[in-house]
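Some notes on the structure that comes next.
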Amino acid sequence: MTYGNADTGQGKGAKSTLASSVYHQLREDLLRGALEAEGKLRVEWVVSRYGAGASPVREALNRLAAEGLLGRHDQRGFFLMPVSAAELEELTRTRCWLEERALRESIAHRTAEWEEQLVLALHRLARAERRQPSEPATNNPEWEKLHRAFHRALISACRSHWLIGFCDQLSDQASRYRLISQRGPGSERDDLGEHRTIAEHTLDGDADGAVEALLSHYRLTAEMCMARFNEGYGPKAGSGKVSRGRKQPSM
Numbered sequence: 001m002t003y004g005n006a007d008t009g010q011g012k013g014a015k016s017t018l019a020s021s022v023y024h025q026l027r028e029d030l031l032r033g034a035l036e037a038e039g040k041l042r043v044e045w046v047v048s049r050y051g052a053g054a055s056p057v058r059e060a061l062n063r064l065a066a067e068g069l070l071g072r073h074d075q076r077g078f079f080l081m082p083v084s085a086a087e088l089e090e091l092t093r094t095r096c097w098l099e100e101r102a103l104r105e106s107i108a109h110r111t112a113e114w115e116e117q118l119v120l121a122l123h124r125l126a127r128a129e130r131r132q133p134s135e136p137a138t139n140n141p142e143w144e145k146l147h148r149a150f151h152r153a154l155i156s157a158c159r160s161h162w163l164i165g166f167c168d169q170l171s172d173q174a175s176r177y178r179l180i181s182q183r184g185p186g187s188e189r190d191d192l193g194e195h196r197t198i199a200e201h202t203l204d205g206d207a208d209g210a211v212e213a214l215l216s217h218y219r220l221t222a223e224m225c226m227a228r229f230n231e232g233y234g235p236k237a238g239s240g241k242v243s244r245g246r247k248q249p250s251m
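Just so we're aligned, residue 1 is where the sequence shown starts under UniProt numbering, counting upward by one.
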């Protein structure tokens, strides 16, 4: 993709940098549920919110559409992907299939370095505050990052970057669901205890126990999300609006 004058390349570099900045900021907002679901995402609104020109914004939107985090209609622009109980069920089922294989492969091909990284990931997650001190209903972005790092560490020894990539994509979609779907009060869960149980079975080389703990962890989150849908706390339509923070289960 070419921007501006080809003789210097300066315009291209500047706009590419802006596109990457918009991409990362918008992607973070999508994954943490900061935008209302099922709404049209107007280029003008994105330009205003993220402080970039139309060209880098369109590049960022196209990248997110290619990842499945946005939808795109020919000649009609971009929109936030709708969510549904049926898709959540399919997503959870598919994620369980793939991560079971990835976790079993990681345990089968374990190394001391991998074990150390998993222990470190759990330690860091345990030390992080789940909620924002100033906003108890909002997750701490640092916790979100460490939570993702823990789940990534679990499967990182599976010896397949393709499998890890697919799992990452499903993780993104799962994060979007668990964050978007939380619009009301919910029961607390011992998510740290769940993560510790997964890690303990994994480090003990107990593949069956580790898989059972991991899949139960994901399925419990899906059940909590389904309960929100049934209680009427599902996603609402919007037009590229910022939504308020909300409580989330761990997935």
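Virtual Cβ for every residue (Gly too), placed ideally from N, Cα, C. Note that this is a predicted model, so its numbers are computed, not measured.
- Residue 156 is a Cβ neighbour of residue 164, given a cutoff of 8 Å.
- One Cα belongs to residue 191, the other to residue 130, and the distance between them is close to 10 Å.
- In this structure, residue 91 lies away from residue 78, with their beta-carbon atoms at least 8 Å apart.
- DSSP places residue 131 in the strand class (E or B) of the three-state scheme.
- For residue 113 and residue 82, the gap between their C-alpha atoms comes out near 41 Å.
- For residue 193, the uninterrupted alpha helix (DSSP H) segment begins and ends at 191-203.
- The C-alpha of residue 146 is placed about 19 Å away from the C-alpha of residue 203.
- Around the C-beta of residue 221, 16 or more other C-beta atoms lie within 10 Å, and the residue is accordingly described as buried.
- DSSP links residue 73 through a beta bridge to 77.
- For residue 178, the closest of 69, 225, 105 by C-alpha to C-alpha distance is 225.
- In this structure, residue 18 places its C-beta atom within 8 Å of the C-beta atom of residue 56.
- Going by beta carbons, residue 228 and residue 122 fall outside the 8 Å limit.
- Residue 201 and residue 208 have their C-alpha atoms spaced approximately 8 Å apart.
- For residue 216, the enclosing alpha helix (DSSP H) starts and ends at 207-230.
- Boundaries of the alpha helix (DSSP H) around residue 96: 85-108.
- Secondary structure at residue 62: helix, using DSSP grouped into helix, strand and coil.
- For residue 139, DSSP records a beta bridge to 131.
- Residue environment: residue 125 is assigned as buried (16 or more neighbouring CB atoms within 10 Å of its CB, all protein chains considered).
- For the pair residue 153 and residue 94, the Cα-to-Cα distance works out to about 19 Å.
- In its chain, beyond the 5 residues on either side, 57 have a beta carbon closer than 6 Å to the beta carbon of residue 46.
- Considering only 88, 54, 80, 166, the residue with the shortest C-alpha distance to residue 102 is 166.
- Straight-line spacing of the CA atoms in residue 120 and residue 76 works out to 47 Å.
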